[in-house]
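The structure appears below as structure tokens.
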Amino acid sequence: MSPKEFMFGYKSTLMTLGYQFLPSWIDFDKLGLIDRMYNFKGDYETVYTGEDDITKAGLLDTYRGSTKLPQWEGYCGNIQNASDGTKFPSNLDKNETIFFYRKSLCRAKPLVFINTTISSGLKGYVYKFEDKALDNGKYLEKNKCFCKTNKCMPPGLLDVHECYYGFPIALSYPHFLDADQSLAEMVDGLKPDRRKHESYMVLQPESGLPLDLAVRYQINMALNNVDKIEHVKKFSNMVIPMLWTENRLYTLPPSLASRFQLYLNVLPLVVQASLYTLFTIGVIFIVISLRKFTKSSKRLPSNLNWNEPSMMTRERKLSYVAEGRRKMSAKEMDIYYNSLMEPLNQTIDPSTPAEQHIVGEVTSDDNED
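Those letters in the sequence shown? Residues 236 to 604, by our numbering.
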């Protein structure tokens, strides 16, 4: 078996027969480490649409119909609200822990905020995997559920053999970065370098869009006691590095970057400038209205001095007019009253018709007037 066949698939007659006659149990016709890691046959996921909570849009709800992975118990198996790397929570909070899940990692790993930066012309939050994320309970009590047997793996290793058909596989950071020192002592030539081997993600905080990321991990063969196998007994109880991989996003495509710069950088400034402009125009209109109102109020005789001679003369003239009107009204009432009472004092001739008396009186009154 060549290294390529070991990694990407090795065909054998026995496996081919099993695939043909027992397809429900053996659903592959070749077996390789990388081939099994990236086999997505039969996988399906459900994700949030954001209808109820926009911040969850794009996050995982279930994997193969469950919110937990069957390989782990309790906290360790939870993948709900994790991201597969294409979309993280919107409106990121620096104090909030977010989770990253990939099938090849066989778990959801926590990410914590480190600092801020600029990437692709956009503001970004830098996240890294939580310290001791690959601990198996030695330092973090909550990680004890990653220890499947009484013999737990050293800190820095994750036993994932149940995720890969029983292959004795353990994952770590490249060159055993941040792993137990005993692991590095077994192998020569390891040079862990945080700049080269550490994983990180730069996320746009409002949208949760990844701007730059590097996910690096190492695939190891975690062998148990193989003393009975002559050719490999020298590797007994050793963790042997096989290879390390890097999933990389250097930057956004230019078309996508320019679009997000418009949405997240330009448009908010336009909206803010429009608000300030409208506010300024409103203040100007209010000031102009107040000035016009003040000028018009100054034209009213609100500050007249009633002690001035001219005002006294005007007031006296007005009082004369009113007194004259009262006298004329009294005289008119006297004349009207006398005109009513005067016919009662006249002698009425019985031989004269009543109509003549009335007409005569009216005529005499008219003449008097």
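Backbone N, C-alpha and C define an ideal beta-carbon position, used for all residues, glycine too. What you are looking at is a predicted structure, and each value in this text was computed from that prediction instead of being measured.
In this structure, D262 and G244 do not form a Cβ contact; the two beta carbons are roughly 14 Å apart against a cut-off of 8 Å. For R342, the enclosing beta strand (DSSP E) covers residues 342-354. Segment contact: the region 454-464 against the region 492-504, fewer than three CB-CB distances shorter than 8 Å; contact not assigned. Positions of the beta strand (DSSP E) runs, each at least 3 residues long and wholly inside the region 470-524, are given as 474-484 in order along the chain.
Between A449 and S355, the gap from beta carbon to beta carbon reaches 9 Å or more. The alpha carbon of L444 has as its nearest neighbour, out of L249, G253, Y283, A292, the alpha carbon of A292.
The region 367-376 and the region 324-337 do not touch, with fewer than 3 CB-CB distances between them shorter than 8 Å. DSSP places E420 in the uninterrupted alpha helix (DSSP H) bounded by 416-420.
Judged by their CB atoms, G300 and T281 are nearer to each other than the 9 Å cut-off.
In the three-state reduction of the DSSP assignment, P238 falls in the helix class.
Here the region 264-278 does not lie against the region 301-309, with fewer than 3 beta-carbon pairs under 8 Å apart. The alpha-carbon of R342 is positioned some 18 Å away from that of A414.
Under the 10 Å beta carbon count, N459 is surrounded by fewer than 16 other beta carbons and is classified as exposed. Boundaries of the alpha helix (DSSP H) harbouring R429: 429-432, taken from the DSSP string. Within the region 382-468, the runs of alpha helix (DSSP H) that reach at least 4 residues and sit entirely inside it are, in chain order, 416-420, 429-432. The Cβ-Cβ distance between L392 and L412 does not fall below 9 Å. For the set F381, I519, F348, L487, the Cα lying nearest the Cα of T321 is the one of L487. Counting along the chain, no beta strand (DSSP E) covers G253; the unbroken alpha helix (DSSP H) around it starts and ends at 248-256.
Inter-segment contact for the region 428-442 and the region 381-400 is absent: fewer than three beta-carbon pairs are separated by less than 8 Å. Here the alpha carbon of Y399 sits roughly 18 Å from the alpha carbon of Y279.
Its Cα nearest to that of N482, the residue S339 stands out among P258, S442, F334, S339. Taking 9 Å as the cut-off, the Cβ atoms of H396 and I404 count as close.
Beta-bridge partners of N313 (DSSP): K303. A direct Cα-Cα distance of roughly 46 Å separates V474 from D287. Annotation: D370 is outside any alpha helix (DSSP H) and is labelled neither H nor E by DSSP.
For L327, there is no enclosing alpha helix (DSSP H), since its DSSP letter is neither H nor E. In the three-state reduction of the DSSP assignment, S531 falls in the helix class, which pools H, G and I. C-alpha of I353 to C-alpha of P440: approximately 11 Å in a straight line. Looking at the DSSP output, E280 bridges to Y298. Assignment of beta-bridge partners to Y360 by DSSP yields T351, L438. About 11 Å separates the beta carbon of L346 from that of Y336, a gap too long to meet the 8 Å contact definition. F243 carries a helical assignment under DSSP once its states are collapsed to helix, strand and coil. P476 and L438 have their alpha carbons spaced roughly 31 Å apart. Where D270 is concerned, the enclosing alpha helix (DSSP H) starts and stops at 268-272. Straight through space, the alpha carbons of Q315 and E420 are spaced by roughly 38 Å. Looking at the DSSP output, R337 sits in a beta bridge with R342.
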